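Student: Please find one structure pasted underneath; my questions will follow.
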Amino acid sequence: MKLQAIRIRRNPWLTALSAAPFALIPVLVALSLVTGAPWIVGIPYLFVLGLVTFFRAWQTKPRAIHDAVDVEVEGGELRIDRLRVPRGRVARAELLPRRPNAIVRVGLRRRPDEELVLDDDDAARDLLRALGFDASQTTATYRLRSLALVRYRWAPLLLIPLIMLATALHVPAAALVLPVTLLLILPLFLVTGKLVVGVDGVLVRWLWIREFIASRDIVRVGQFDLGSRRNNVRGVELTTAKRTIRLPVSSAWQGTDDTTVIARRIEDARALAASAAHVGDDALLFSRGDAPMRDWIGRLRALGAGATATLRTAAVPPEHLWRVADDPSQPAMKRAAAAVALAPSLDATGRVRLAEIARATAAPKLRVALERAAEDAPDDSLEAALQEIERE
Numbered sequence: 005m006k007l008q009a010i011r012i013r014r015n016p017w018l019t020a021l022s023a024a025p026f027a028l029i030p031v032l033v034a035l036s037l038v039t040g041a042p043w044i045v046g047i048p049y050l051f052v053l054g055l056v057t058f059f060r061a062w063q064t065k066p067r068a069i070h071d072a073v074d075v076e077v078e079g080g081e082l083r084i085d086r087l088r089v090p091r092g093r094v095a096r097a098e099l100l101p102r103r104p105n106a107i108v109r110v111g112l113r114r115r116p117d118e119e120l121v122l123d124d125d126d127a128a129r130d131l132l133r134a135l136g137f138d139a140s141q142t143t144a145t146y147r148l149r150s151l152a153l154v155r156y157r158w159a160p161l162l163l164i165p166l167i168m169l170a171t172a173l174h175v176p177a178a179a180l181v182l183p184v185t186l187l188l189i190l191p192l193f194l195v196t197g198k199l200v201v202g203v204d205g206v207l208v209r210w211l212w213i214r215e216f217i218a219s220r221d222i223v224r225v226g227q228f229d230l231g232s233r234r235n236n237v238r239g240v241e242l243t244t245a246k247r248t249i250r251l252p253v254s255s256a257w258q259g260t261d262d263t264t265v266i267a268r269r270i271e272d273a274r275a276l277a278a279s280a281a282h283v284g285d286d287a288l289l290f291s292r293g294d295a296p297m298r299d300w301i302g303r304l305r306a307l308g309a310g311a312t313a314t315l316r317t318a319a320v321p322p323e324h325l326w327r328v329a330d331d332p333s334q335p336a337m338k339r340a341a342a343a344v345a346l347a348p349s350l351d352a353t354g355r356v357r358l359a360e361i362a363r364a365t366a367a368p369k370l371r372v373a374l375e376r377a378a379e380d381a382p383d384d385s386l387e388a389a390l391q392e393i394e395r396e
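Quick note: the sequence shown uses my numbering, first residue 5, plus one each step.
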């Protein structure tokens, strides 16, 4: 696959200029040694200023340079003009929705990210598919800010009764406010979370929270803004039939904002889930009933292998099982059962296909079951994975 693109790279002069505060540190040291004046007290301030300016310049790429390049993915290698990157060095690739063009951001291991401007979304998706990072091929993981910013914004108000209590007991308020803030409240707002987006839905992880929202349950994907200009928090808003879930992504002080990127990825996953070929109940001939789990696994294996002579049902075509395993609208247990039924008859190509379905699945327990089916794991391993799904 070969495409024409525009490569966005950092302006080396402005990037170097953003690190100018670091260059002033040895100057202050020399002045302190020569004059005896305490110029070195300014070193911490210059260090912090240098970190902030360099970080923002690195993230935002001011006055970036645009170069026309040829992009090619061939033979397990990504080629951007003269740059050659082995496929294993590509850590991620994602679509940055812009108009009128589309931008693909390619994250590389031990190298700065590459941003490539393509003609339209179709060209961008072709590149993502060639790299193996399309929404239909794998999950995407993003970092979230603390969920306390949207779920526990009232937490600082707990300081008020503590201060009142300290005052009533004639205890200096400062003696309580500082340790309580540092030990209880601040960590709550500083711990980040993770969001995993798959075709089947999204998985939210933060401290004690493990929450999965299925694609079929998401009615709308939007964005939100909270707080004032200096304390602004932006994020993705998922609306289901029962409630609204807000996921904080960025704040005003950050140089980049992936809110639109994440919202677009979830929309793409929902579209894929909605377009999946749904399977009717007549094809779901592997319900467990009251059978023990180990017996059910044996029956599923026999069903997938076509050994239906002792069953009171017609043989199930493999394509029906594939459609169940690959359909995000189906319950997790039915998808896992279809994968187990497929496992005995899979060739190398089939195992790769089932492994790709697993990589595109966000639900962790279902993903494990699909992976073990793709590996044709022993019955005890499959039983443990299915029992985990059953407990949900």
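Yeah, the Cβ is synthetic: ideal placement off N, Cα and C, and Gly gets one too.
Values in this document were obtained by computation on a predicted structure and should not be read as measured data.
Could you spell out where the alpha helix (DSSP H) holding Ala388 opens and where it closes?
Tutor: Position 384 of the sequence shown, counted from the first residue, corresponds to residue 388. Run containing Ala388: Asp383 to Arg395, per the alpha helix (DSSP H) assignment.
Student: Report the three-state DSSP secondary structure of Phe26 (helix, strand or coil).
Tutor: Within the sequence shown, the letter at position 22 stands for residue 26. In the structure shown, Phe26 sits in a helix (DSSP, three-state: H, G or I).
Student: Indicate the three-state DSSP secondary structure (helix, strand or coil) for Val45 in the structure shown.
Tutor: Here residue 45 refers to the residue found at position 41 of the sequence shown. The answer is helix: DSSP assigns Val45 an H, G or I state.
Student: For Val240, which option in Gly354, Trp17 and Arg269 has the closest C-alpha, if you only look at C-alpha atoms?
Tutor: In the sequence shown, residue 240 corresponds to position 236, counting from 1. Comparing Cα positions, the closest option is Arg269.
Student: On a Cα-Cα basis, can you pick out the residue from Asp331, Ala9 and Trp326 that is closest to Asp124?
Tutor: Counted from its first residue, the sequence shown places residue 124 at position 120. When each option's Cα is compared against that of Asp124, the closest is Ala9.
Student: What separation, rounded to the nearest whole angstrom, lies between the Cα atoms of Ile29 and Thr57?
Tutor: Here the question's residue 29 lines up with position 25 in the sequence shown. Here the question's residue 57 lines up with position 53 in the sequence shown. If I take the Cα positions, the gap works out to 15 Å.
Student: Please classify Ser279: is it buried, with 16 or more other beta-carbons within 10 angstroms of its beta-carbon, or exposed?
Tutor: Position 275 of the sequence shown, counted from the start, is the residue given in the question as residue 279. With fewer than 16 other Cβ atoms from the protein chains shown falling within 10 Å of its own Cβ, Ser279 counts as exposed.
Student: So Ser219 and Val203 are in contact, right, with Cβ under 8 Å, and what is the actual spacing, rounded?
Tutor: Within the sequence shown, residue 219 is the residue found at index 215, counting from 1. Within the sequence shown, residue 203 is the residue found at index 199, counting from 1. Indeed, because the Cβ distance is near 7 Å, the residues count as touching under 8 Å.
Student: Identify the continuous alpha helix (DSSP H) that holds Glu323 and give its terminal residues.
Tutor: Counted from its first residue, the sequence shown places residue 323 at position 319. Where Glu323 is concerned, the enclosing alpha helix (DSSP H) stretches over Pro322 to Ala329.
Student: Just to confirm, are Leu120 and Arg113 a CB contact at a threshold of 9 Å?
Tutor: For this step, residue 120 is matched to residue 116 along the sequence shown. For this step, residue 113 is matched to residue 109 along the sequence shown. No, they are not a contact pair.
Student: On the CB-based measure, 16 or more other CB atoms within 10 Å of its CB, does Ala41 come out buried or exposed?
Tutor: Counting from 1 along the sequence shown, the entry for residue 41 is found at position 37. In this structure Ala41 is exposed. Its beta-carbon is surrounded by fewer than 16 other beta-carbon atoms within 10 angstroms.
Student: Roughly how many angstroms separate the alpha carbons of Glu118 and Ile189, rounded to a whole number?
Tutor: Against the sequence shown, residue 118 aligns to sequence position 114. Against the sequence shown, residue 189 aligns to sequence position 185. Distance between the alpha carbons of Glu118 and Ile189 is about 38 Å.
Student: For the candidate residues Pro165, Leu251 and Tyr156, whose alpha-carbon lies nearest to that of Gly197?
Tutor: Your numbering for residue 197 matches position 193 in the sequence shown. It is Leu251 whose Cα lies nearest to the Cα of Gly197.
Student: Looking at Thr143: is its Cβ nearer than 9 Å to the Cβ of Ala329?
Tutor: Here residue 143 refers to the residue found at position 139 of the sequence shown. Here residue 329 refers to the residue found at position 325 of the sequence shown. Not in contact: Thr143 and Ala329 (Cβ atoms no closer than 9 Å).
Student: For the putative contact between Glu98 and Pro90, defined by C-beta atoms under 8 Å, what is the C-beta separation to the nearest angstrom?
Tutor: If you number the sequence shown from 1, residue 98 lands on position 94. If you number the sequence shown from 1, residue 90 lands on position 86. At roughly 19 Å, the Cβ-Cβ gap does not stay under 8 Å, so Glu98 and Pro90 are not in contact.
Student: Does the distance from the CB of Ile249 to the CB of Glu271 come in under 9 Å?
Tutor: Indexing the sequence shown from 1 puts residue 249 at position 245. Indexing the sequence shown from 1 puts residue 271 at position 267. For Ile249 and Glu271, no; Cβs fall outside 9 Å.
Student: Kindly provide the ranges of any beta strand (DSSP E) runs that are 3 or more residues long and lie completely inside the region 65 to 142, ordered along the chain.
Tutor: 69 to 78, 81 to 84, 87 to 90, 94 to 101, 106 to 112 and 118 to 122
Student: In chain order, what residues of the same chain lie with their CB nearer than 7 Å to the CB of Ala23, ignoring the 5 residues before and after it?
Tutor: Sequence index remark: in the sequence shown, residue 23 carries index 19 (1-based). Within the same chain, Ala23 has close Cβ partners Gly54 and Phe58.
Student: How many whole angstroms separate the CB atoms of Arg96 and Phe137, which I take to be in contact at a CB cut-off of 8 Å?
Tutor: Translated into positions along the sequence shown, residue 96 becomes position 92. Translated into positions along the sequence shown, residue 137 becomes position 133. Taking C-beta atoms under 8 Å as the contact rule, Arg96 and Phe137 qualify, at a distance of about 6 Å.
Student: Terminal residues of the continuous alpha helix (DSSP H) containing Glu360?
Tutor: Here residue 360 is taken as the residue at index 356 of the sequence shown, counted from 1. Looking at the DSSP string, the run of the alpha helix (DSSP H) that includes Glu360 is Ala352 to Arg363.
Student: So, with DSSP's three-state summary, where would you put Trp212?
Tutor: As a working note, residue 212 is residue 208 in the sequence shown. Note: Trp212 maps to coil in three-state DSSP.
Student: In three-state DSSP terms, what is Lys338?
Tutor: To locate residue 338, count along the sequence shown from 1; it is residue 334. DSSP places Lys338 in helix when its eight states are reduced to three.
Student: Nearest to Arg157 by CA position, among Ala139, Pro104, Leu230 and Trp300, is which residue?
Tutor: Mapped onto the sequence shown, residue 157 falls at position 153. The residue among Ala139, Pro104, Leu230 and Trp300 with its C-alpha nearest the C-alpha of Arg157 is Leu230.
Student: Using CA atoms only, rank isn't needed, just tell me which of Val223, Ala340 and Ala277 is closest to Trp300.
Tutor: As a position in the sequence shown, residue 300 is number 296, starting the count at 1. Minimum Cα distance to Trp300 is reached at Ala340.
Student: Which residues does DSSP list as the beta-bridge partners of Ser349?
Tutor: The count along the sequence shown starts at 1 and reaches residue 349 at position 345. According to DSSP, residue pairing for Ser349 in a beta bridge does not occur.
Student: Among Ser385, Gln391, Glu394 and Ala367, which one has its Cα closest to the Cα of Thr145?
Tutor: For the purposes of this step, residue 145 is identified with residue 141 of the sequence shown, where counting begins at 1. Of Ser385, Gln391, Glu394 and Ala367, the residue nearest in Cα terms is Ala367.
Student: Could you check where the beta strand (DSSP E) with Glu241 kicks off and where it finishes?
Tutor: Position 237 of the sequence shown, counted from the start, is the residue given in the question as residue 241. First-last of the beta strand (DSSP E) with Glu241: Val237 to Thr244.
Student: Candidates Arg14, Thr244 and Gly302: which alpha carbon is nearest Arg60's?
Tutor: Walking along the sequence shown from the start, residue 60 turns up at place 56. Closest option to Arg60, Cα to Cα, is Arg14.
Student: I believe Lys369 touches Glu396 by the beta-carbon criterion, under 8 Å. Please report the beta-carbon distance rounded to the nearest angstrom.
Tutor: What you label residue 369 is simply residue 365 of the sequence shown in a count that begins at 1. What you label residue 396 is simply residue 392 of the sequence shown in a count that begins at 1. With 8 Å as the limit, Lys369 and Glu396 qualify as a contact, their Cβ atoms being about 7 Å apart.
Student: DSSP has Val201 in a bridge; who is on the other side?
Tutor: By 1-based counting over the sequence shown, the position of residue 201 is 197. Val201 is bridged to Ala144 and Val206.
Student: For the alpha helix (DSSP H) containing Leu192, name the first residue and the last one.
Tutor: Position 188 of the sequence shown, counted from the start, is the residue given in the question as residue 192. Segment Leu190 to Leu194, the alpha helix (DSSP H) holding Leu192.
Student: Just confirm the distance between the C-beta atoms of Ala225 and Leu242, as a whole number of angstroms; I'd bet it's less than 8 Å.
Tutor: Numbered from its first residue, the sequence shown carries residue 225 at position 221. Numbered from its first residue, the sequence shown carries residue 242 at position 238. Rather than Ala, the amino acid found at residue 225 in this sequence is Val. Contact flag correct, Cβ pair sits at about 6 Å.
Student: Start and end of the alpha helix (DSSP H) containing Asp272?
Tutor: On the sequence shown, residue 272 is found 268 positions in, with the first residue counted as 1. Unbroken alpha helix (DSSP H) run through Asp272: Thr263 to Ser279.
Student: Return the bridge partner residues of Gly231 from the DSSP annotation.
Tutor: As a first step, residue 231 must be located in the sequence shown, where it is residue number 227. In the DSSP assignment, Gly231 is bridged to no other residue.
Student: Identify, in the order they occur along the chain, each residue of the same chain with its Cβ nearer than 7 Å to the Cβ of Ser385, setting aside the five sequence neighbours on each side.
Tutor: Against the sequence shown, residue 385 aligns to sequence position 381. Around Ser385: Arg376.
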